[in-house]
Amino acid sequence: MEQIPILRIGRCLLVTIQVDMHDRLAMALQDDLTEKIVATRARGVLIDISALEVVDSFIGRTLNNIAAMARVLDAQTVVVGMRPAVAITLVELGLSLSGVKTALDVDKGMALISRLIDGSVASADARREG
Amino acid sequence: MRVEKDELVPCRTADDIVRVRKEVRARTVALGFTLVDQTKLVTAASEIARNTVEHGGGGIVRLQVVNDGVRNGLRLVFEDRGPGIRDIALAMSDRYSTGTGLGLGLSGAKRLSQDFSIDSKPGEGTTVVLGRWK
Ligand SMILES: Nc1ncnc2c1ncn2[C@@H]1O[C@H](COP(=O)(O)OP(=O)(O)OP(=O)(O)O)[C@@H](O)[C@H]1O
Ligand SMILES: [Mg+2]
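Residue numbers (this note's numbering), protein chains in the order written: chain A, 271 to 400; chain B, 18 to 151.
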């Protein structure tokens, strides 16, 4: 069965979506990511959607679900590379990716995830000390 | 309004939804739509195709290149013979869903299209028409 590859880079999982996903593939990605976060104890998930020409309500909802699921597993999700035409369309569709942080590209996304992870580590330390 | 081209694509499975997106994209490109207009119509088509598959029990979509004497446009006619919709106004409202969705499909597709119409009778089926002009 076709599958979207998930790469591990340090504390992060990197997903590059390269095909127009049908609904089952999007759901499989959500399940695979859940397993991988647990198995690798990843603290961040970076999803590159720069190749996606369409994000409809199903794919948008899947991205929101992934972020919510990752949060429960103490991982931060950042979506990068959304095309401007896709962003404009999502607003008019009425879908907000409110649960998802976004960045311009993979480099900026990685930097953001590092800050988010270190930030949560720092505040946990502060709680222990304080 | 003249229909210059009329093609039929099945709309029965999750894979058909992907195919509908692809076919609509190709035609909007051929008609010279801007990238934003292409993306809006493809996204609207994806929403209605999913409704046809999930709520309507499957159906077809007609892809029609139309001309009103001044402009070319693309008209998409989705038809199914499923359960139909009892209260169209209610179904059209944002956030209303009888399933697990967000209830954005119909209202969002309307916002993303220049022409929109829906016709449905309980027990007979549903027809949704989307249109955008160049
Ligand atoms: N082709 C159809 N046949 C029967 N009922 C339909 C059809 N299309 C839409 N509906 C009804 O209208 C409701 C609203 O549709 P809409 O697409 O807005 O939301 P949804 O499909 O439930 O969720 P979403 O599209 O956000 O995932 C549906 O829940 C369903 O009850
Ligand atoms: Mg829908």
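Built from N, CA and C at the ideal position, the CB exists for glycine as well.
| Between which two residues does the beta strand (DSSP E) containing residue 373 of chain A stretch? | Residue 373 of chain A -> beta strand (DSSP E) spans 371–373.
| query | For residue 45 of chain B and chain A, any beta-carbon pair shorter than 9 Å? | reply | Not closer than 9 Å to any Cβ of chain A, the Cβ of residue 45 of chain B fails to qualify, so no.
| said: Just to make sure I have the definition right: I need the residues of chain B whose C-beta is within less than 9 Å of the C-beta of residue 389 of chain A. Which are they? | reply: Close to residue 389 of chain A, with beta-carbon spacing below 9 Å, lies no residue of chain B; the smallest spacing is near 30 Å.
| message | Residues around ligand 2, please: the ones whose beta-carbon is closer than 6 Å to some heavy atom of it, in chain order. | response | Cβ-based neighbours of ligand 2 within the cut-off: B:64, B:67, B:68, B:118, B:122.
| query | If residue 307 of chain A sits next to residue 340 of chain A, beta carbons under 8 Å apart, how far is it from one beta carbon to the other, in whole angstroms? | reply | About 6 Å; that satisfies the 8 Å criterion.
| said: Per the DSSP calculation, residue 347 of chain A is bridged to which residue(s)? | reply: Bridge pairing for residue 347 of chain A: A:315 [DSSP].
| query | Along chain B, which residues have their Cβ under 8 Å away from the Cβ of residue 294 of chain A? | reply | Among the residues of chain B, those whose CB is under 8 Å from the CB of residue 294 of chain A are 31, following chain order.
| field | Endpoints, the alpha helix (DSSP H) within which residue 354 of chain A is located | value | 354–363 is the span of the alpha helix (DSSP H), which, as asked, contains residue 354 of chain A.
| Candidates B:80, B:49, B:103, B:99, of which the one nearest residue 36 of chain B by Cα | Of the listed residues, the one whose Cα sits closest to residue 36 of chain B is B:80.
| request: Compute the Euclidean distance between the alpha carbons of residue 343 of chain A and residue 70 of chain B, then round it to the nearest angstrom. | output: Taking the straight line from one Cα to the other gives about 34 Å.
| field | Sheet register partners of residue 138 of chain B (DSSP bridge) | value | Paired residues: B:142.
| request: Specify, as a first and last residue, the run of the alpha helix (DSSP H) that residue 272 of chain A falls within. | output: In the DSSP annotation of this structure, residue 272 of chain A is not part of any alpha helix (DSSP H), being labelled neither H nor E.
| field | is_contact[residue 275 of chain A, chain B] using C-beta, thresh 9 Å | value | Taking 9 Å as the CB threshold, residue 275 of chain A stays off the interface with chain B.
| message | As a quick exercise: from A:386, A:314, A:387, A:368, pick the residue whose alpha carbon is nearest that of residue 276 of chain A. | response | It is A:314.
| request: Figure out for me which residue from B:63, B:19, B:141 has the closest Cα to the Cα of residue 292 of chain A. | output: If we check each option's Cα against that of residue 292 of chain A, B:63 comes out closest.
| Can we count residue 137 of chain B as close to ligand 1, meaning its CB is less than 8 Å from some heavy atom? | Flag set: Cβ of residue 137 of chain B near ligand 1.
| request: Output the distance between the C-alpha atoms of residue 368 of chain A and residue 106 of chain B, rounded to the nearest integer angstrom. | output: Between residue 368 of chain A and residue 106 of chain B, the C-alpha separation is close to 27 Å.
| Just curious, the alpha helix (DSSP H) that residue 299 of chain A is in, first and last residue? | For residue 299 of chain A, the uninterrupted alpha helix (DSSP H) segment begins and ends at 293–310.
| Comparing the CB of residue 72 of chain B with every heavy atom of ligand 1, is any distance shorter than 8 Å? | Residue 72 of chain B: yes, Cβ under 8 Å from ligand 1.
| request: Out of A:335, A:354, A:359, A:358, point me to the one whose CA is closest to residue 348 of chain A's CA. | output: Among A:335, A:354, A:359, A:358, the Cα nearest to that of residue 348 of chain A belongs to A:335.
| message | Short of 8 Å in beta carbon distance, which residues of its chain neighbour residue 67 of chain B, apart from the five on each side in sequence? Order them along the chain. | response | Cβ neighbours of residue 67 of chain B beyond the five flanking positions: 34, 122.
| query | Mind checking if residue 353 of chain A is an interface residue toward chain B, Cβ cutoff 9 Å exclusive? | reply | Judged by the 9 Å Cβ criterion, residue 353 of chain A is in contact with chain B.
| request: Can you grab the Cα-Cα spacing for the pair residue 327 of chain A / residue 38 of chain B, in whole Å? | output: A direct Cα-to-Cα measurement between residue 327 of chain A and residue 38 of chain B gives close to 13 Å.
| task | Output yes or no for whether 9 Å exceeds the beta carbon distance between residue 99 of chain B and residue 125 of chain B. | result | Their beta carbons are not under 9 Å apart, which means residue 99 of chain B does not touch residue 125 of chain B by this criterion.
| request: Check residue 286 of chain A in the structure and name its three-state DSSP category. | output: DSSP, reduced to helix, strand and coil, places residue 286 of chain A within a strand of the structure shown.
| Measuring from the CB of residue 331 of chain A, is there a heavy atom of ligand 1 at a distance below 8 Å? | Checking every heavy atom of ligand 1 against the Cβ of residue 331 of chain A, one is found closer than 8 Å.
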